[in-house]
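One structure is given here, and the rest of the page talks about it.
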Amino acid sequence: MMTTHAIEVPLPPDVDPTDDERALVDVVCRAIFELRPTEGEACWARTARLMREAGWAVHWRLRWVAEGRRGGHIEEGVGATLDEAFGRLQEQALQDEVEGCP
Amino acid sequence: MAYSAPTRALYQADLDAIRAAGLFKEERFIHSPQGADIAVEFPSGAAPRPVINLCANNYLGLSSHPEVVQAAHDGLDDRGYGLSSVRFICGTQDIHRTLEERLTTFLGTEDTLLFPSCMDANGGVFEAVLGEHDVMIADRLVHASIVDGMRLCKAQQDTFKHSDMGHLEEKLQEHQDKRFRLIITDGVFSMDGDVAKLDEIVRLAEQYDAMVCLDDSHATGFMGPTGRGTHEMRGVMGHIDLITTTLGKALGGASGGCVSGRRELVELCRQRARPYLFSNTVAPVIVAGALKVLDLLTASTARRDKLEANARYWRGLLSEAGFDVKPGESPIVPVMLYNAKLAQDVARDLFAEGIYVVGFFFPVVPKGQARIRTQLSAAHERHHLDRAIEAFVKVGKRYGVLGKSKKELVEQFGG
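Protein sequences appear in the order of chains A and B. The working numbering applies: residue 1 is where the first sequence begins, and numbers increase by one. The working numbering applies: residue 1001 is where the second sequence begins, and numbers increase by one.
This is how it looks when you write it as structure tokens:
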């Protein structure tokens, strides 16, 4: 059975974090976890190595993902900043604002 | 995974949701060739009944033209039924090359490449000519196939408000850091029937170093004095870098489409466009028919002239009768009703009166913009249109929509 480790960060009594702030802490912790040293070659590092061996120039970076859902319709925007991600999301959503006549 | 009962139930729930939303599309079976007068079986199993067709893209009335049909027969006899190949392996006949050359001349471009459809042309063209350092800036009412093609392309996607040249200019200024800027628009917009401001778009493109891509599917063959399309109509032939269009509407109405434009861009499509590379060649019978269509169109402008006169006459009839008609210069004439249920009810009642039209409502058109889209054809004679207006007036009176403004219609029926 998998053991779950928790880190508790006491906040000053007058601090009431918003949902966005909680999400940010969650994302940062996950990013740190992804980068922790592991024994041997990590799975993602192996994939990157194999792709480089196959001639790909491989880079990685952290990005924001903005997602919009309406019924079964899902749109996504990715960007280096939240503004960029939401800008892309808006572009995607606007393109399909109407389905259009054949 | 087996197609289990729960799987089936989930798919059925999806279908039920589509039906509950009033978006379920039902095919109507036509028991005749395409034309102004057709025999339609609807609902399924009913005896076919004669109706006047006001909803086809058969703008020039060539879908069943005897000379086109004969040319198709001759093509079938001379070059066979199919080629069992993509174009670049063993699927290119001399007539494919001839048709591409004829389309190039007709559209006033440098080169042309045939696709199985214009949907495929739009699906493949952007990915073939643009990359991650480029941007596509599309009118917000472009055809769905352009939206799909843009999604398949790695260039940045952006849009401008429908026909808003000020907004387009802002976007062009914003994207000056990109390698290439491509403005994308329909020539005639299929929902409203309005025509793109191509002269202004070309002026902005030249000012801000952008290319222009035009989907002229609802225009090729009849817009402009000799039917070359909206680029002829707006006086910018030779200034459009990419034109996509279809053989499936005015040009015989069978299937097939093309990308036409700058030589290098078309050649890149030949090398990279996946719908061209990985789907079958356009069938010889269609190529032969399309060549005859171009013969007819270059010999005379009579058919596009008649279509123009029909559209003007029909707009006049509707307006005089008191319908709210979208102004425009194309043979797409939307009768605005604004309410989705009303549009469906009116279309159903018109069918009962022997007039075949379709009601369009959200998400096909924006919310509160429901309408009956009527489409004119050179195959229509005055008696067809006179008969159609009788039915429109009869049904219009039944629902009390005649002489009502948009505000009054929305107040009465809801938007």
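Ideal Cβ positions, reconstructed from N, Cα and C, are used throughout, including at glycine. Computed from a predicted model, the values in this text were never measured in an experiment.
Closer than 8 Å to chain A by CB, residue i
i: Ala-1046 (chain B); result: no
i: Val-1365 (chain B); result: yes
i: Ala-1219 (chain B); result: no
i: Ser-1190 (chain B); result: yes
i: Ala-1144 (chain B); result: yes
i: Cys-1140 (chain B); result: Looking at the sequence itself, residue 1140 (chain B) is Arg, so the reference to Cys does not match. It does; some Cβ of chain A falls within 8 Å.
Paired residues, beta bridge with residue i - DSSP
i: His-73 (chain A); result: A:Arg-70
i: Gly-1257 (chain B); result: B:Phe-1115 and B:Thr-1246
i: Cys-1213 (chain B); result: B:Ile-1184 and B:Leu-1242
i: Gly-1359 (chain B); result: B:Ile-1372
i: Met-1136 (chain B); result: B:Gln-1157 and B:Leu-1182
i: Glu-1041 (chain B); result: B:Phe-1029
i: Arg-1049 (chain B); result: B:Val-1040
i: Gly-79 (chain A); result: A:Trp-64
i: Met-1336 (chain B); result: B:Arg-1371
i: Asn-1280 (chain B); result: B:Val-1086
i: Val-1325 (chain B); result: B:Val-1335
Selection from the options that minimises the alpha carbon distance to residue i
i: Gly-1193 (chain B); options: B:Leu-1114, B:Gly-1328, B:Arg-1140 and B:Thr-1109; result: B:Gly-1328
i: Val-1293 (chain B); options: B:Gln-1207, B:Ala-1071 and B:Met-1211; result: B:Ala-1071
i: Gly-71 (chain A); options: B:Ser-1405, B:Asp-1305 and B:Ala-1021; result: B:Ala-1021
i: Phe-1351 (chain B); options: B:Leu-1060, B:Val-1365 and B:Arg-1387; result: B:Arg-1387
i: Leu-1103 (chain B); options: B:Tyr-1059, B:Gly-1221 and B:Val-1135; result: B:Gly-1221
i: Ile-1372 (chain B); options: B:His-1384, B:Val-1335 and B:Gly-1403; result: B:Val-1335
i: Pro-1304 (chain B); options: B:Lys-1249, B:Thr-1226 and B:Arg-1270; result: Per the sequence presented here, residue 1304 (chain B) reads as Arg, with Pro not at that position. When each option's Cα is compared against that of Arg-1304 (chain B), the closest is B:Thr-1226.
i: Ser-1260 (chain B); options: B:Leu-1376, B:Ala-1254 and B:Cys-1118; result: B:Cys-1118
i: Ala-1454 (chain B); options: B:Ile-1243, B:Tyr-1399 and B:Gly-1256; result: As displayed, chain B neither begins before 1001 nor continues past 1415, which places residue 1454 (chain B) out of reach and without an answer.
i: Thr-1098 (chain B); options: B:Asp-1295, B:Phe-1126, B:Ala-1302 and B:Gly-1253; result: B:Asp-1295
i: Gly-1414 (chain B); options: B:Glu-1390, B:Asp-1148 and B:Gln-1369; result: B:Gln-1369
i: Gly-1061 (chain B); options: B:Leu-1023, B:Ala-1302 and B:Val-1129; result: B:Ala-1302
i: Asp-1120 (chain B); options: B:Pro-1363, B:Arg-1179 and B:Val-1147; result: B:Val-1147
i: Ser-1217 (chain B); options: B:Leu-1204, B:Asp-1209, B:Glu-1206 and B:His-1231; result: B:His-1231
i: Lys-1249 (chain B); options: B:Leu-1214, B:Ala-1290, B:Leu-1130 and B:Met-1211; result: B:Ala-1290
i: Asp-1177 (chain B); options: B:Asp-1209, B:Leu-1337, B:Leu-1152 and B:Gly-1149; result: B:Asp-1209
i: His-1239 (chain B); options: B:Glu-1267, B:Ala-1036 and B:Arg-1203; result: B:Arg-1203
i: Phe-964 (chain B); options: B:Asn-1053, B:Ile-1389, B:Leu-1268 and B:Val-1129; result: This structure does not reach residue 964 (chain B), given that chain B is present from 1001 up to 1415, and the question cannot be answered.
i: Leu-94 (chain A); options: A:Gly-68, A:Thr-81 and A:Leu-82; result: A:Gly-68
i: Pro-1116 (chain B); options: B:Gly-1082, B:Asn-1057 and B:Ala-1013; result: B:Gly-1082
i: Gly-1187 (chain B); options: B:Met-1150, B:Val-1236 and B:Gln-1207; result: B:Val-1236
i: Arg-1181 (chain B); options: B:Asp-1158, B:Phe-1189 and B:Thr-1245; result: B:Asp-1158
i: Cys-1269 (chain B); options: B:Cys-1153, B:Ala-1299, B:Asp-1078 and B:Glu-1132; result: B:Cys-1153
i: Glu-1165 (chain B); options: B:Ile-1332, B:Ile-1184 and B:Glu-1381; result: Residue 1165 (chain B) is actually Met in this sequence, not Glu. Here the closest residue by C-alpha is B:Ile-1184.
i: Ala-1347 (chain B); options: B:Pro-1331, B:His-1384 and B:Val-1395; result: B:Val-1395
i: Glu-1041 (chain B); options: B:Cys-1090, B:Gln-1034 and B:Arg-1049; result: B:Arg-1049
Interface flag, residue i vs chain B, CB-CB below 8 Å
i: Val-28 (chain A); result: no
i: Gly-68 (chain A); result: no
i: Glu-99 (chain A); result: yes
Per-residue DSSP class, three states only, for residue i
i: Trp-1314 (chain B); result: helix
i: Met-1191 (chain B); result: coil
i: Pro-1006 (chain B); result: helix
i: Asn-1058 (chain B); result: coil
i: Cys-1269 (chain B); result: helix
i: Glu-1308 (chain B); result: helix
i: Ser-1319 (chain B); result: helix
i: Tyr-1011 (chain B); result: helix
i: Gly-1235 (chain B); result: coil
i: Ala-1020 (chain B); result: helix
i: Arg-30 (chain A); result: helix
i: His-1073 (chain B); result: helix
i: Ile-7 (chain A); result: coil
i: Pro-102 (chain A); result: coil
i: Val-1365 (chain B); result: coil
Neighbouring residues, chain B, relative to residue i (Cβ below 7 Å)
i: Asp-96 (chain A); result: Val-1147
i: Glu-91 (chain A); result: Gln-1157, Asp-1158 and Thr-1159
Contact set between residue i and chain A, taken where Cβ atoms lie within less than 7 Å
i: Ser-1064 (chain B); result: The contacting residues do not exist; Ser-1064 (chain B) stays about 20 Å from chain A at best.
i: Ala-1347 (chain B); result: Within 7 Å Cβ-Cβ: nothing; Ala-1347 (chain B) doesn't reach chain A, min ~14 Å.
i: Met-1165 (chain B); result: Those do not exist, as Met-1165 (chain B) stays about 18 Å from chain A at its closest Cβ, beyond 7 Å.
i: Arg-1373 (chain B); result: Cys-101
Cross-chain neighbours of residue i in chain B, by beta carbon under 9 Å
i: Glu-84 (chain A); result: Here the premise fails: no neighbours, minimum Cβ distance about 10 Å.
Residue i: contacting residues in chain A (beta-carbon distance under 8 Å)
i: Met-1150 (chain B); result: Gln-95
i: Phe-1360 (chain B); result: Cys-101
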